[in-house]
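Student: Numbering (my numbering), first residue to last: 7 to 272.
Using N, Cα and C, we set each Cβ at its ideal position, and we do this for glycine too.
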Ligand SMILES: NC(=O)c1ccc[n+]([C@@H]2O[C@H](COP(=O)([O-])OP(=O)(O)OC[C@H]3O[C@@H](n4cnc5c(N)ncnc54)[C@H](O)[C@@H]3O)[C@@H](O)[C@H]2O)c1
């Protein structure tokens, strides 16, 4: 018979708390980013809301009682300036980075152009490289932290008309693994969630009701995700509840990655 287990038992619910910490959210202006800003705020963090659009960053910052910064996260100088501002606003306290920026531009290979390839890799992958490189230096100085991105099912399996977006998300997933390996010894965890289909303001503008019904009928759980459901897992990844989780791409696709056949969606 085994010896009695006397290993300490933590207060599990407290490990989700972020009291005293600051978290910066890139793409906080709507959808998943806005929900993520609320999630980390409710867990006790002070929040810095960053968005390309100043008014959107300011609106969400007001909702969560945080700070707002306007920044094009695809540009190195802007990212460097953004983290410098974050350090001035909340000195020594930045411990979490959530970057949800990304956008699918659908195309067939035939219609694809060099310019589209470049812009997709900028908006899907390049900013993650910049945020990881510049942000990890700040986290390191503050005693470590967590960096979390939003990948995609499209980076894990073929989806129609995603022959540039898919490879760009696959590259983002791979960057997460490389960064997680390099930064693990510095107390920095790097992960991503990989959604399938999410009701975000942008997607709801783009996709008709009829198309949503077609998409949702192909998803094993029978519905697309709500933005807050993605934010829940971003909160988990940012918190000490995920203290042993790094280098992971967490599928959030309602079962689609199981290999479920999909209709031609777009
Ligand atoms: N919605 C879906 O069905 C779905 C599915 C899989 C993956 N994703 C991924 O989820 C993430 C969020 O998608 P979404 O539909 O919520 O996006 P969204 O367009 O609703 O939100 C993105 C936010 O980022 C901001 N932003 C855009 N470019 C920026 C830049 N250069 N610098 C700073 N901020 C910028 C936008 O202003 C916006 O507020 C993306 O990475 C997307 O690829 C979405």
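Looking at the strands, I want to know which residues DSSP matches up with residue 256.
Tutor: 199
Student: Nearest-angstrom Cα distance between residue 19 and residue 239?
Tutor: 15 Å
Student: Would you please state the rounded distance, in angstroms, between the beta carbons of residue 22 and residue 245? I believe it to be under 8 Å.
Tutor: 5 Å
Student: To the nearest angstrom, how far is it from the Cα of residue 211 to the Cα of residue 191?
Tutor: Approximately 43 Å, taken between the alpha carbons.
Student: Is residue 21 near ligand 1, with its Cβ less than 6 Å from a heavy atom?
Tutor: no
Student: Measuring straight from C-alpha to C-alpha, what distance separates residue 172 and residue 163?
Tutor: 8 Å
Student: Answer yes or no: the CB of residue 204 versus the heavy atoms of ligand 1, is any distance below 6 Å?
Tutor: Residue 204: yes, Cβ under 6 Å from ligand 1.
Student: Return the chain-ordered list of same chain residues with a C-beta closer than 6 Å to the C-beta of residue 193, the five sequence neighbours on each side being excluded.
Tutor: 150
Student: Measuring CB to CB, does residue 104 end up less than 7 Å from residue 38?
Tutor: no
Student: Any idea what DSSP makes of residue 41, helix, strand or coil?
Tutor: helix
Student: Starting from residue 113, follow its DSSP beta bridges and name the residues at the other end.
Tutor: DSSP links residue 113 through a beta bridge to 168.
Student: Provide the residue(s) that pair with residue 204 in DSSP beta bridges, ordered along the chain.
Tutor: 231
Student: Measuring alpha carbon to alpha carbon, tell me which of 78, 195, 65 ends up nearest residue 250.
Tutor: 195
Student: Could you tell me how far apart the beta carbons of residue 56 and residue 63 are, in whole angstroms, since I believe they sit closer than 8 Å?
Tutor: 6 Å
Student: Going by the C-beta, is residue 80 closer than 6 Å to any heavy atom of ligand 1?
Tutor: yes
Student: Please report how far the alpha carbon of residue 78 lies from the alpha carbon of residue 268, in whole angstroms.
Tutor: Take the alpha-carbon of residue 78 and the one of residue 268: they are about 34 Å apart.
Student: Identify the residues that DSSP records as bridge partners of residue 151: which are they?
Tutor: 194
Student: Is it true that the segment 252-263 meets the segment 218-233, where meeting means three or more beta-carbon pairs spaced less than 8 Å apart?
Tutor: yes
Student: To which residues of the same chain is residue 179 closer than 8 Å at the C-beta, ignoring the five residues directly before and after it?
Tutor: 157, 161, 162, 198, 200, 255
Student: Going by DSSP in three states, residue 221 sits in which element: helix, strand or coil?
Tutor: Here residue 221 sits in helix by DSSP.
Student: Compare the Cα-Cα distances from residue 224 to each of 241, 120, 203, 242 and report the closest residue.
Tutor: Of the candidates 241, 120, 203, 242, the residue whose Cα lies closest to the Cα of residue 224 is 203.
Student: What is the DSSP secondary structure of residue 162, reduced to helix, strand or coil?
Tutor: coil
Student: DSSP beta-bridge partners for residue 104?
Tutor: DSSP output for residue 104 lists 31, 154 as bridge partner(s).
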